[in-house]
């Protein structure tokens, strides 16, 4: 216990003192605050949240025990372990609502190996005495909240915002200067095995927590879908119990969340059309309709999910496919992605359940834009899309036609390539369109055709 108390820095003592003082003041003063705090505690400890969080705590405790057995962990790391537990529970709670688990967890892991994390550790090691820390934290917190408040006030002069930011920057500079001076006088405080353990411990926890967070993410996705399913599709429970429905959906989708979302969209479409309510029939129909086929190595076909990422490096983020032109519940999908820097440009893919049938690059030309610069950017997009599909650079003849704004239509392998310039009544260019489409597109893939014949 003594080692634990010694491991707490003056800055952390000051933070704890100010936070407790703040909460105690409002807890005693306001009955509404007391009621709200009790409701939050009740929500945490007497709901499903507690069952979600208790498993990661037990899991991390077992990891800590293993680290203790191999001689890596001791009680001097208890404070850092508690902090790591808190961050771990925060990332578990974040994984409940995130749509992209890999991106979320990647950012979480990179945060522990970044320079800012090391700088934060150094600044936390070389602190001031307790009273200076209390005044400093209170003053910086007040300035920070004032700065945030002023950002949302439109009538606040920019000079006032800059003044506050300059004060905060100056305080940060003084803290860094203090750390450099303290390091020069006592380098052993940082350059030791204990400091290395403090830096490595949260990284170990973060890596070991990946399967737990992934399980929580999958569980919450299923929990949300099944809760909606049992309310909106009560007809499915006529022939199957809730346990059977849950088991069959897990067997169908597994850990594939994209497939799970497609299953939910399929059920809603089936419900709106007043179709079959037999779960086994619906699962068989879903398997036939949404089965993607890997393209052969000697084919010129491009797979749907590959085509979604074609223009990602140019600011066109991947978009989810949506139904268009449904025919008996089948038909084509469309994915439309606007450029994150210019909403007047978009990248669009139309395709069936197996392969894309049409690629479109579109640029709406605003009158105020410099047209030559706009054309150069559009040409870069066209060259990139062409190279992605055909694995070769676009010919100079085609490039010259685009530069000279000449409409054209030509064939390349199984695709048709088209460039079109639209003009208004005053002969002013309004938009540019570059299309690469299948020469003989098929509405239904092979599985769907065979499925229709069976029906």
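In my numbering, the protein residues as written are 164 to 618. In this text, a Cβ means the ideal position worked out from N, Cα and C, and glycines have one as well. Keep in mind the model is a prediction, meaning the values are calculated, not measured.
Whether residue i touches residue j by CB criterion (7 Å)
i: residue 177; j: residue 297; result: yes
i: residue 389; j: residue 409; result: yes
i: residue 182; j: residue 189; result: no
i: residue 472; j: residue 497; result: no
i: residue 306; j: residue 331; result: yes
i: residue 505; j: residue 595; result: no
i: residue 255; j: residue 271; result: no
i: residue 523; j: residue 593; result: no
i: residue 581; j: residue 559; result: no
i: residue 384; j: residue 420; result: yes
Straight-line Cα distance separating residue j from residue i
i: residue 428; j: residue 374; result: 28 Å
i: residue 239; j: residue 170; result: 6 Å
i: residue 431; j: residue 315; result: 41 Å
i: residue 412; j: residue 555; result: 43 Å
i: residue 591; j: residue 570; result: 15 Å
i: residue 320; j: residue 327; result: 11 Å
i: residue 333; j: residue 536; result: 42 Å
i: residue 602; j: residue 518; result: 13 Å
i: residue 359; j: residue 227; result: 16 Å
i: residue 295; j: residue 534; result: 59 Å
i: residue 561; j: residue 475; result: 23 Å
i: residue 587; j: residue 552; result: 32 Å
i: residue 237; j: residue 370; result: 20 Å
i: residue 500; j: residue 510; result: 5 Å
i: residue 292; j: residue 311; result: 28 Å
i: residue 242; j: residue 191; result: 29 Å
i: residue 345; j: residue 216; result: 40 Å
i: residue 348; j: residue 342; result: 10 Å
i: residue 225; j: residue 231; result: 10 Å
i: residue 540; j: residue 565; result: 12 Å
i: residue 447; j: residue 401; result: 18 Å
i: residue 329; j: residue 233; result: 48 Å
i: residue 186; j: residue 199; result: 12 Å
i: residue 542; j: residue 589; result: 24 Å
i: residue 386; j: residue 194; result: 35 Å
i: residue 262; j: residue 219; result: 20 Å
i: residue 205; j: residue 406; result: 29 Å
i: residue 356; j: residue 350; result: 13 Å
i: residue 213; j: residue 229; result: 25 Å
i: residue 364; j: residue 235; result: 9 Å
Cβ shell of residue i (< 6 Å), same chain only, five flanking positions each side left out
i: residue 502; result: 478, 479 and 508
i: residue 620; result: A question about residue 620 goes unanswered here, because the residues of the chain that appear run from 164 up to 618.
i: residue 568; result: 584
i: residue 520; result: 513, 514, 601 and 604
i: residue 317; result: none
i: residue 459; result: A caution first: residue 459 carries a pLDDT of 40, below 50, which makes its placement in the model unreliable, though a value can still be read off. Result list for residue 459: empty, nothing under 6 Å.
i: residue 574; result: none
Cβ distance (whole Å) where residue i is taken to contact residue j below 8 Å
i: residue 415; j: residue 426; result: 7 Å
i: residue 361; j: residue 284; result: 7 Å
i: residue 245; j: residue 366; result: Between residue 366 and residue 245 the Cβ distance is about 16 Å, and since that is not below 8 Å, they are no contact.
i: residue 579; j: residue 572; result: 7 Å
Beta-carbon contacts of residue i that lie in its chain and below 7 Å, excluding the five residues immediately before and after
i: residue 287; result: 172 and 174
i: residue 258; result: 264, 267, 376, 379 and 380
i: residue 280; result: 274
i: residue 290; result: 172, 173, 174 and 296
i: residue 180; result: 297
i: residue 338; result: 286
Own chain, CB closer than 8 Å to residue i, minus 5 neighbours either side, in chain order
i: residue 313; result: 319, 323, 324 and 327
i: residue 223; result: 247, 248, 251, 368, 371 and 372
i: residue 394; result: none
i: residue 530; result: 591
i: residue 336; result: none
Contact with chain B by residue i, beta-carbon distance below 7 Å
i: residue 562; result: This model lacks chain B altogether; it includes just one protein chain.
beta-carbon residue i near the ligand ATP non-hydrogen atom, thresh 6 Å
i: residue 282; result: This structure does not include the ligand ATP; it has no bound ligands of any sort.
Check your understanding: Which runs of the alpha helix (DSSP H) fall wholly inside the stretch 201-256 and span at least 4 residues, in chain order?
Key -> 211-232
Point to revise | alpha helix (DSSP H) runs wholly inside the stretch 370-403, at least 4 long, in chain order | key: 373-395
**Study point:** Unbroken stretches of the beta strand (DSSP E), 3 residues or longer, contained in the stretch 321-350
**Key:** none
Review point. At which residue ranges does the stretch 505-561 contain complete alpha helix (DSSP H) runs of 4 or more residues, listed in the order of the chain?
Key: 534-553
Point to revise | Ranges of the beta strand (DSSP E) found wholly within the stretch 256-316, counting only runs of at least 3 | key: none
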